[in-house]
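Below is one structure, written out as structure tokens; comments come after it.
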Amino acid sequence: MDESLLRTLTPAVLAVLVRRGADFAAAEDAVQDALVEAVRAWPHDPPRDPKAWLVTAAWRKFLDAVRADTSRRHREVRVDREPVPGPGEAADDTLQLYFLCAHPALTPASAVALTLRAVGGLTTRQIAQAYLVPEATMAQRISRAKRTVSDVRLNRPGDVATVLRVLYLVFNEGYSGDVDLAAEAIRLTRHLAAGTDHEEVAGLLALMLLHHARRPARTGAGGRLVPLAEQDRGLWDTRLIAEGVGILQTALARDRLGEFQAQAAVAALHADARCAAETDWVQIVEWYDELVRLTGNPVARLNRAVAVGEADGPRAGLTALAHLDPSLPRHTAVAAYLHERDGDVATAARLYAEAARSAPSLPERDHLTRQAARLNAELRG
Amino acid sequence: MAKYLLLKHYRGGPTPANDVPMDRWTPEEVAAHMRYMSDFAARLEENGEFVDSQVLSSEGTFVRHDGEGRPPVTDGPFAETKDLIAGWMVIDVDTYERALDVAGELSAAPGAGGKPVQEWLEVRPFLSPCVTITD
Numbered sequence: 001m002d003e004s005l006l007r008t009l010t011p012a013v014l015a016v017l018v019r020r021g022a023d024f025a026a027a028e029d030a031v032q033d034a035l036v037e038a039v040r041a042w043p044h045d046p047p048r049d050p051k052a053w054l055v056t057a058a059w060r061k062f063l064d065a066v067r068a069d070t071s072r073r074h075r076e077v078r079v080d081r082e083p084v085p086g087p088g089e090a091a092d093d094t095l096q097l098y099f100l101c102a103h104p105a106l107t108p109a110s111a112v113a114l115t116l117r118a119v120g121g122l123t124t125r126q127i128a129q130a131y132l133v134p135e136a137t138m139a140q141r142i143s144r145a146k147r148t149v150s151d152v153r154l155n156r157p158g159d160v161a162t163v164l165r166v167l168y169l170v171f172n173e174g175y176s177g178d179v180d181l182a183a184e185a186i187r188l189t190r191h192l193a194a195g196t197d198h199e200e201v202a203g204l205l206a207l208m209l210l211h212h213a214r215r216p217a218r219t220g221a222g223g224r225l226v227p228l229a230e231q232d233r234g235l236w237d238t239r240l241i242a243e244g245v246g247i248l249q250t251a252l253a254r255d256r257l258g259e260f261q262a263q264a265a266v267a268a269l270h271a272d273a274r275c276a277a278e279t280d281w282v283q284i285v286e287w288y289d290e291l292v293r294l295t296g297n298p299v300a301r302l303n304r305a306v307a308v309g310e311a312d313g314p315r316a317g318l319t320a321l322a323h324l325d326p327s328l329p330r331h332t333a334v335a336a337y338l339h340e341r342d343g344d345v346a347t348a349a350r351l352y353a354e355a356a357r358s359a360p361s362l363p364e365r366d367h368l369t370r371q372a373a374r375l376n377a378e379l380r381g
Numbered sequence: 001m002a003k004y005l006l007l008k009h010y011r012g013g014p015t016p017a018n019d020v021p022m023d024r025w026t027p028e029e030v031a032a033h034m035r036y037m038s039d040f041a042a043r044l045e046e047n048g049e050f051v052d053s054q055v056l057s058s059e060g061t062f063v064r065h066d067g068e069g070r071p072p073v074t075d076g077p078f079a080e081t082k083d084l085i086a087g088w089m090v091i092d093v094d095t096y097e098r099a100l101d102v103a104g105e106l107s108a109a110p111g112a113g114g115k116p117v118q119e120w121l122e123v124r125p126f127l128s129p130c131v132t133i134t135d
């Protein structure tokens with residue numbers, strides 16, 4: 001019994017049912033019933049076309065449920081007359097499912113959960129484990145999300161940007177428990193890219209692949225954070241880098257730049273350098289200029305200040321930093337780094353300690369504490 | 001078997017004998033400390049005594065219900081924790097504002113005369129084991 005095949009087929013089958021007019025929650029129940037039947041029947045009697053088998057079974061389950069509800073009889077007749085969608089429409093169906101799961105009426109957390117459940121085909125337990133919340137909590141979150149979108153009709157194209165934001169949220173949740181959310185996000189984005197022709201989908205896929213390629217080098221023993229400049233570049237996955245760069249180049253060639261393509265371009269320039277000293281910081285600054293122009297995002301401005309510090313020296317970096325809101329996340333850490341490079345060890349040590357106190361994650365706080373400790377040891381010695 | 005919360009504190013408790021803030025340690029001392037902590041947890045896990053370990057941010061906020069509208073917020077002074085910690089609830093919400101709202105609601109739990117107790121609740125974010133990629 002190939003469970004990954006079932007997981008891959010689930011969203012497509014669900015999408016067919018939803019597109020034929022089934023209510024989201026009812027469609028999901030029907031698909032679950034069909035999956036149970038598949039697990040029972042397939043080992044003895046493997047179907048020639050697993051997807052068609054599942055669609056037929058799920059549709060029958062759905063009709064059974066609808067038939068039980070006499071007030072819905074007229075709708076049953078209507079949906080029963082709908083032609084069976086051909087294979088060409090299948091990708092489009094799933095695409096609409098992405099839009100539904102990333103609907104603006106949902107909170108980010110709900111959109112992520114629903115996407116993983118409906119498009120990713122993960123179990124509620126797996127999603128709960130990945131987010132370190134009880135299964136009952138996640139079940140509630142998902143069913144509330146389903147209720148929220150139950151009246152949404154899938155007749156208008158959704159907002160690709162919203163879908164991409166949700167997928168990037170999933171990616172950034174990273175790894176925990178038995179589901180690797182970064183890998184899952186890549187799988188879903190690949191799937192989305194196959195079904196849609198949009199340069200920012202390609203941009204996000206390239207960005208994820210380029211980030212993911214560096215993951216083995218990003219943490220050391222005991223989960224210790226290893227900064228980019230100190231990473232063992234031999235651990236970077238060159239296959240993923242090549243794939244990411246290829247996808248990015250194709251997207252850039254279409255000359256419709258978006259924020260994910262620009263971010264992927266920065267990641268590609270890092271991936272290109274054989275050692276940290278060979279990094280093309282001048283070009284990276286240019287890409288951050290594009291990113292700032294496209295988004296006005298303060299985090300992009302902060303990253304730009306770091307890049308300016310590398311390209312034109314720490315003083316220039318500090319000048320760029322001076323124009324930014326000091327309450328930005330990681331602002332103090334960046335200031336500490338630039339002051340150290342400028343030779344002001346005492347200020348850097350104080351700022352690293354301050355940055356550690358407001359760090360958003362444990363590995364980051366430990367890293368910043370170590371930096372402060374290193375500089376304070378230097379000052380004493 | 002009984003569960004205990006071992007509460008590490010950043011400040012407010014009695015002064016420890018070895019009172020040097022961590023950023024004044026040597027990098028080796030920091031590493032040794034981290035290693036000790038994780039070995040300790042692993043040992044407890046092996047003998048079946050480990051339940052859960054979470055690290056809290058050093059920043060906290062006091063929130064209470066104060067009638068309609070936004071709950072008021074102060075950054076202290078905090079009570080001694082042995083007086084304060086009667087239990088804890090962990091929530092998982094989208095934003096800091098939502099966390100404040102939840103705390104405000106919890107603080108409105110009925111007390112004497114059916115009126116909201118308006119107790120102060122300390123709101124502390126968990127630090128996560130994941131790092132968001134920023135390049």
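So the sequences go chain by chain: A and B.
Positions 1 to 381 (the UniProt record's numbering) are the ones given, in order, by the first sequence.
Positions 1 to 135 (the UniProt record's numbering) are the ones given, in order, by the second sequence.
Beta carbons are placed, not taken as given, at the ideal position from N, Cα and C, and that holds for glycine.
Run the CB neighbour count on residue i, radius 10 Å, all protein chains shown included, and call it buried at 16 or more, exposed below.
{"i": "V149/A", "result": "buried"}
{"i": "H44/A", "result": "exposed"}
{"i": "K146/A", "result": "buried"}
{"i": "M208/A", "result": "buried"}
{"i": "G234/A", "result": "exposed"}
{"i": "F62/B", "result": "buried"}
{"i": "A130/A", "result": "buried"}
{"i": "A41/A", "result": "exposed"}
{"i": "S4/A", "result": "exposed"}
{"i": "T74/B", "result": "exposed"}
{"i": "N376/A", "result": "buried"}
{"i": "I91/B", "result": "exposed"}
{"i": "R43/B", "result": "exposed"}
Do residue i and residue j have their C-beta atoms within less than 8 Å of each other?
{"i": "F62/A", "j": "A27/A", "result": "yes"}
{"i": "A15/A", "j": "L97/A", "result": "yes"}
{"i": "V18/A", "j": "K51/A", "result": "no"}
{"i": "R124/B", "j": "G76/B", "result": "no"}
{"i": "A264/A", "j": "L248/A", "result": "yes"}
{"i": "T94/A", "j": "P11/A", "result": "yes"}
{"i": "V245/A", "j": "V201/A", "result": "no"}
{"i": "A333/A", "j": "L321/A", "result": "no"}
{"i": "T115/A", "j": "A128/A", "result": "no"}
{"i": "E290/A", "j": "L257/A", "result": "yes"}
{"i": "Q126/A", "j": "D178/A", "result": "yes"}
{"i": "I241/A", "j": "A271/A", "result": "yes"}
{"i": "G296/A", "j": "L188/A", "result": "no"}
{"i": "P116/B", "j": "H65/B", "result": "yes"}
{"i": "W281/A", "j": "A316/A", "result": "no"}
On the three-state DSSP scale, how would you describe residue i?
{"i": "residue 149/B", "result": "Look at the range of chain B in this structure, 1 to 135, and you will see that residue 149/B is not part of it."}
{"i": "F62/B", "result": "strand"}
{"i": "P116/B", "result": "strand"}
{"i": "D23/B", "result": "helix"}
{"i": "D180/A", "result": "strand"}
{"i": "P329/A", "result": "coil"}
{"i": "F50/B", "result": "coil"}
{"i": "R225/A", "result": "Checking the displayed sequence, the identity of residue 225/A turns out to be Leu instead of Arg. L225/A: strand per DSSP, three-state reduction."}
{"i": "V308/A", "result": "helix"}
{"i": "P110/B", "result": "strand"}
{"i": "T74/B", "result": "strand"}
{"i": "T219/A", "result": "strand"}
{"i": "E122/B", "result": "strand"}
{"i": "S358/A", "result": "coil"}
{"i": "L56/B", "result": "strand"}
With a threshold of 8 Å on Cβ separation, who are the neighbours of residue i within its own chain once the five nearest residues in sequence on each side are excluded?
{"i": "G88/A", "result": "In this prediction, G88/A has a pLDDT of 46, which is less than 50 and means its spatial position is unreliable; nothing more can be read from the coordinates."}
{"i": "G86/A", "result": "Note that G86/A scores a pLDDT of 46, beneath 50, so its modelled location is shaky; the value from the coordinates is reported in the next line. Excluding sequence neighbours, G86/A sits near nothing in its chain."}
{"i": "L379/A", "result": "V345, A346, A349"}
Which residues in the same chain as residue i place their Cβ atom closer than 6 Å to its Cβ, once the five residues preceding and following it in sequence are excluded?
{"i": "Y352/A", "result": "A336, L368, Q371, A372"}
{"i": "L328/A", "result": "P298, L302"}
{"i": "R117/A", "result": "I142"}
{"i": "A359/A", "result": "R365, L368"}
{"i": "E105/B", "result": "none"}
{"i": "A22/A", "result": "F62"}
{"i": "V170/A", "result": "V112, L181, A185"}
{"i": "A57/A", "result": "A34, E37"}
Excluding the 5 residues flanking residue i on each side, which residues of the same chain have their C-beta closer than 7 Å to its C-beta?
{"i": "V93/B", "result": "A99, V102"}
{"i": "A113/A", "result": "I127, M138, R141, I142, A145"}
{"i": "R357/A", "result": "none"}
If contacts are defined as beta-carbon pairs under 8 Å, then residue i and residue j qualify, I think. What distance do you get, rounded to the angstrom?
{"i": "L54/A", "j": "A30/A", "result": "The pair is not a contact, with the Cβ atoms about 10 Å apart (cut-off 8 Å)."}
{"i": "A300/A", "j": "H211/A", "result": "In fact, because the Cβ distance is near 16 Å, the residues do not count as touching under 8 Å."}
{"i": "P129/B", "j": "P363/A", "result": "7 Å"}
{"i": "V226/A", "j": "R218/A", "result": "6 Å"}
{"i": "D237/A", "j": "A213/A", "result": "4 Å"}
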